[in-house]
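See structure below.
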Amino acid sequence: MIEYRNLRVALLGGGSVGAQVARLLLEQREELANRVGAGLELVGIAVRDVDAERTVDLPRELFTTDAESLILGADVVIELIGGIEPARTYILQAINSGADVVTANKALLALHGPELFAAADQVGAQLNYEAAVAGAIPIVRPLRDSLAGDKVNRILGIVNGTTNFILDRMDADGDTLEEALATATALGYAEADPTADIEGYDAAQKAALLASLAFHTTVPLESVYREGITRVTPQQIESARKAGYVIKLLAICERLTDAATGQEGVSARVYPAFVSRSHPLAAVHGANNAVFVEAEAAGPLMFYGAGAGGVETASAVLGDLVSLARRHVVGGPGFAASSHADLPVLPIDRVTTRYAITLEVTDEPGVLATIAGVFSNRGVSLALVEQSMTPEVSASAGQELVPSTATLVIGTHAATEAALAATVTDLAANSVVTTVASVLRVEGA
Ligand code: NDP
Ligand code: HSE
-15 MIEYRNLRVA LLGGGSVGAQ VARLLLEQRE ELANRVGAGL ELVGIAVRDV
35 DAERTVDLPR ELFTTDAESL ILGADVVIEL IGGIEPARTY ILQAINSGAD
85 VVTANKALLA LHGPELFAAA DQVGAQLNYE AAVAGAIPIV RPLRDSLAGD
135 KVNRILGIVN GTTNFILDRM DADGDTLEEA LATATALGYA EADPTADIEG
185 YDAAQKAALL ASLAFHTTVP LESVYREGIT RVTPQQIESA RKAGYVIKLL
235 AICERLTDAA TGQEGVSARV YPAFVSRSHP LAAVHGANNA VFVEAEAAGP
285 LMFYGAGAGG VETASAVLGD LVSLARRHVV GGPGFAASSH ADLPVLPIDR
335 VTTRYAITLE VTDEPGVLAT IAGVFSNRGV SLALVEQSMT PEVSASAGQE
385 LVPSTATLVI GTHAATEAAL AATVTDLAAN SVVTTVASVL RVEGA
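Final position of the sequence shown in my numbering is 429; the numbers increase by one with none missing.
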């Protein structure tokens, strides 16, 4: 049997994920060596502060602040620093010095993926990033490899653990967004700057990566439509519950026919949406993620599991490491994603979906017919109307008479964003409507 020399593994970052990767590399040294056919020697961990307290007890001598020297002596570099710089420069240095790379950095890949993949291609290096989307869940490799012979039409996913955790806590425990975010941060789910989570940037980065893989098309981050969860109110959550829905932050990637040109295009978008409580996505709780993939031959597939967390994400990082280390040992190029289809990425106003609109209206005869007329004038048809009343408060000493109002939750059939926007403008201007309290999309069959 051929004896291969140990592969030198440099780890950049020793935080939530990095510390767990280091622990597993050290604890499972023998088992991993058997799987790879060569030893994986952790030669160092680059951090900012070698004296910082770690979540895991790791040998002090492994830590360094000299990332560049570590990279130069490595066969494999694992980047778990996060952010754009210096991560981008370090990955390019690793590739150009002949190392293969594993990263979990969706922010970097969504912005500079084409540059990094081209650099890797040029020198025949491998660049693996399973952990960049949906934490522990295998979804990058299934899209890139397993489904490479199929045609993916749609992806519907909960891909951000922090926001799913927050929405779940707001729904189940009545927590505020701030309270739930503090817990998610303490549990290691949130990004270093949690704005990336709650404003939907992290999910948009993942949507760009998923759409690029699924549609063999480079989908730039700036073409992903994005709304976060910071405007989701307890009232919206309550109104969703009453109507049999739950609010989830969804990433949606789909093939569309552009009604304007008749040509095929793709859309990638992220927003909070009503999901029926009977839909499997409604049962995704805490920091879990789930990704539905609809492929032409395979039909619907669902991938479910831990979407964030240090040790869970370390599983995906180590999977990438073992996979590329095996190729390193036996030779041959890695499996690169393709972008040959080069489909146009369509803006949000070409998208058709369903909506849930909550209105405060005056409670008087003929209001429902007036509201229905507003929708009908814009060609938007109604699927559901739920009404609840606010009783009239009678005048008493020093109090004015408050007329009774009604809250309407209206569900529509599929309509374009443009038709919906025009309808909402008309509703806001109508005298029977006191307030357009909320407009959210409805997703999932
Ligand atoms: P952390 O913030 O917990 O850790 C970052 C690490 O990088 C720290 O050890 C820090 O050093 C080190 N670091 C920061 N800047 C530098 C620098 N300039 N030079 C050297 N080291 C540096 O991040 P996570 O472990 O949570 O995330 C790492 C990556 O994994 C990110 O790309 C993230 O998006 C991704 N990811 C995270 C998941 C999670 O659940 N946490 C899940 C999926 C992906 P020091 O410790 O000294 O401060
Ligand atoms: N902050 C990210 C999340 C980590 O909450 O999903 C996993 O990518």
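Glycine included, C-beta positions come from ideal geometry on N, C-alpha and C. All values reported here derive from a predicted model rather than from experimental measurement.
Reference residue i, options the options, closest by Cα
| i | options | result |
| --- | --- | --- |
| Leu(-9) | Val60, Glu14, Glu11 | Val60 |
| Arg253 | Val314, Ser323, Pro70, Glu238 | Glu238 |
| Glu114 | Leu193, Leu131, Thr241, Asp105 | Leu193 |
| Leu234 | Ala257, Val31, Ile221 | Ala257 |
| Thr241 | Glu25, Ile332, Val364 | Ile332 |
| Arg445 | Val20, Gly(-3), Leu(-4), Gly2 | Beyond the ends of the chain as shown, which are -15 and 429, falls residue 445; an answer cannot be given. |
| Thr418 | Val208, Ile355, Glu401, Gly2 | Ile355 |
| Val416 | Thr48, Ala244, Leu343, Ser322 | Leu343 |
| Thr39 | Gly(-3), Thr49, Leu100 | Gly(-3) |
| Ala30 | Asn18, Ile182, Gly(-1), Leu10 | Gly(-1) |
| Ile142 | Gly82, Asn361, Tyr209, Phe287 | Phe287 |
| Glu25 | Phe101, Gly350, Glu11 | Glu11 |
| Val268 | Gly283, Ala118, Gly82 | Ala118 |
Under 8 Å between C-beta atoms of residue i and residue j
| i | j | result |
| --- | --- | --- |
| Ala430 | Gly395 | Within the shown structure, residues of the chain are numbered from -15 to 429, placing residue 430 beyond reach of any answer. |
| Leu432 | Ile213 | Look at the range of the chain in this structure, -15 to 429, and you will see that residue 432 is not part of it. |
| Ala88 | Glu296 | no |
| Ile68 | Leu92 | yes |
| Ala406 | His200 | no |
| Thr391 | Ser372 | yes |
| Glu211 | Tyr173 | no |
| Ala(-6) | Gly28 | yes |
| Leu76 | Ala103 | yes |
| Ala279 | Gly293 | no |
| Val358 | Asn414 | yes |
| Leu308 | Leu8 | no |
| Leu161 | Pro178 | no |
| Gly249 | Leu171 | no |
Nearest-angstrom Cα separation, counted from residue j out to residue i
| i | j | result |
| --- | --- | --- |
| Gly228 | Val426 | 12 Å |
| Glu52 | Gln189 | 27 Å |
| Arg(-11) | Ala266 | 49 Å |
| Leu260 | Ile123 | The question names Leu, but residue 260 in the sequence shown is Ser. Distance between the alpha carbons of Ser260 and Ile123: 24 Å. |
| Ala156 | Ala224 | 13 Å |
| Lys135 | Thr336 | 21 Å |
| Gln219 | Val408 | 19 Å |
| Tyr74 | Ile55 | 8 Å |
| Lys90 | Ser262 | 31 Å |
| Ala379 | Asn148 | The predicted position of Ala379 is uncertain, since its pLDDT is 46 and thus under 50; a value taken from the coordinates is nonetheless stated next. C-alpha separation (whole angstroms): 44 Å. |
| Gly2 | Ala298 | 7 Å |
| Ile236 | Asn137 | 11 Å |
| Asp410 | Ala399 | 16 Å |
| Ala281 | Glu45 | 52 Å |
| Gly108 | Ala191 | 27 Å |
| Ala321 | Ala244 | 30 Å |
| Glu163 | Ala290 | 21 Å |
| Gly316 | Thr202 | 25 Å |
Burial state of residue i (16 or more Cβ within 10 Å)
| i | result |
| --- | --- |
| Glu15 | exposed |
| Glu37 | exposed |
| His96 | buried |
| Tyr339 | buried |
| Gln106 | exposed |
| Asn144 | buried |
| Gln110 | buried |
| Lys226 | exposed |
| Pro264 | exposed |
| Thr146 | buried |
| Asn112 | buried |
| Val377 | Only weak support exists for where Val377 lies, its pLDDT of 48 falling under 50; the coordinates are left without a value. |
| Asp186 | buried |
Residue i in three-state terms, based on DSSP
| i | result |
| --- | --- |
| Gln371 | strand |
| Leu330 | coil |
| Gly289 | strand |
| Thr346 | strand |
| Gly57 | coil |
| Ser251 | strand |
| Ile79 | helix |
| Tyr229 | strand |
| Ser415 | coil |
| Val377 | Since pLDDT at Val377 reaches only 48, below the 50 mark, its modelled position is unreliable, and the value read off the structure follows with that caveat. Three-state result, Val377: strand. |
| Ser422 | strand |
| Pro218 | helix |
| Gly294 | helix |
| Asn144 | coil |
| Ile213 | coil |
| Thr202 | coil |
| Arg362 | coil |
| Asn273 | strand |
Within-8 Å CB hit, residue i to chain C
| i | result |
| --- | --- |
| Ile75 | No chain C is part of this structure, which consists of one protein chain only. |
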